[in-house]
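In this note's numbering, the protein residues as written are 54 to 386.
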């Protein structure tokens, strides 16, 4: 092609460019294509899990129905504190491939156990922390996850048997309930200043109003009654025993006084004054009968190394020093 010559349009030969009429948009004819999911839904067998024993699920919830779903996950509910610690957060998954159901362990720590109907022992699907290969579930197989054991019911015709019929009360909810109690919003403290207001004076005024309106006079304090602690102490610790009727109180007999010896200084002094042993002291002119008179002189106790009336000379103490001997001699003179 020479310079200045106009090239022919390439659209003139569409077959040379690989054009295919089937790639054109057919347009909206109003005809809807057949739903493949509806066909698979009608041919998919139904899976129902019947609870044999469980320490987590309530006693009324004994049946899990998976109709209408192609996947079922087993795991621990974080919001529930009653779930078994032997169940991982994402423990296992059961899924359907239109003609059968399979179970896969998602790498749990304590494992998933499957016991076929024809076997007497359960098989662990995978080692700890390792995901397993899919295992097919058959009718009346036993599936154990944590402390819960299920009996597998698979019905190809989607018609449940008598054992796995639902009563709407024994169904296990597959989703978390939306009817949860709303969290209780804590009331602000009386001394709390809200940070929404930018004016501190306005915030202080609102705080004063709230305190004045919310404060109510408390109940009047009742006057405390007087407690007689002395009477209580006397009742707990009496000073003497109470008189028992018919029982005479025990009197304490004192031994008779021992007469003074004749060598006593007072005894000899009274004898020198004309007193006779056994007679009372005092003048005979006093006729007062209530007066107590002595019949024996009082015993005199002496203090050693001290002089007094009627006491003998104290024994001299010897000392090695001549000065001490002179002082003692001058004291005794």
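For every residue, glycine included, the Cβ atom is placed at its ideal position computed from N, Cα and C.
Endpoints, the beta strand (DSSP E) within which residue i is located
i	result
residue 149	145-149
residue 313	That residue, residue 313, is in no beta strand (DSSP E); it is neither H nor E in DSSP.
residue 157	154-158
residue 225	From DSSP, residue 225 is part of no beta strand (DSSP E); its letter is neither H nor E.
residue 106	99-106
residue 119	Premise fails: residue 119 is in no beta strand (DSSP E) and is neither H nor E.
residue 197	195-198
residue 208	201-208
residue 125	124-127
Residue of the options minimising C-alpha distance to residue i
i	options	result
residue 115	97, 127, 204	204
residue 153	128, 209, 180	209
residue 110	286, 216, 227	227
residue 186	192, 160, 207	160
residue 155	316, 143, 192	192
residue 143	106, 105, 184, 180	184
Distance between beta carbons of residue j and residue i, contact taken as under 8 angstroms
i	j	result
residue 130	residue 169	Their Cβ separation, rounded to whole angstroms, is 29 angstroms, which puts residue 130 and residue 169 out of contact at 8 angstroms.
residue 225	residue 117	4 angstroms
C-alpha gap between residue i and residue j, whole angstroms
i	j	result
residue 157	residue 122	16 angstroms
residue 182	residue 253	58 angstroms
residue 304	residue 384	54 angstroms
residue 165	residue 202	10 angstroms
residue 319	residue 307	24 angstroms
residue 378	residue 330	45 angstroms
residue 376	residue 386	16 angstroms
residue 328	residue 322	9 angstroms
residue 287	residue 277	22 angstroms
residue 290	residue 284	10 angstroms
residue 260	residue 141	50 angstroms
residue 266	residue 255	17 angstroms
residue 326	residue 311	22 angstroms
residue 333	residue 324	13 angstroms
residue 382	residue 309	46 angstroms
residue 137	residue 251	51 angstroms
residue 374	residue 313	42 angstroms
residue 258	residue 281	51 angstroms
residue 221	residue 264	53 angstroms
residue 223	residue 106	14 angstroms
residue 380	residue 316	33 angstroms
residue 262	residue 279	41 angstroms
Alpha helix (DSSP H) segment containing residue i, residue limits
i	result
residue 381	375-385
residue 320	318-325
residue 284	282-289
Contact under 8 angstroms by Cβ, residue i with residue j
i	j	result
residue 190	residue 178	no
residue 389	residue 101	This structure cannot settle anything about residue 389, because the visible part of the chain is limited to 54 through 386.
residue 108	residue 172	no
residue 127	residue 112	no
residue 163	residue 139	yes
residue 216	residue 125	no
residue 214	residue 206	yes
residue 212	residue 197	no
residue 120	residue 99	yes
is_contact[residue i, chain C] using C-beta, thresh 8 angstroms
i	result
residue 118	Within the model displayed, chain C is absent; a lone protein chain is all it includes.
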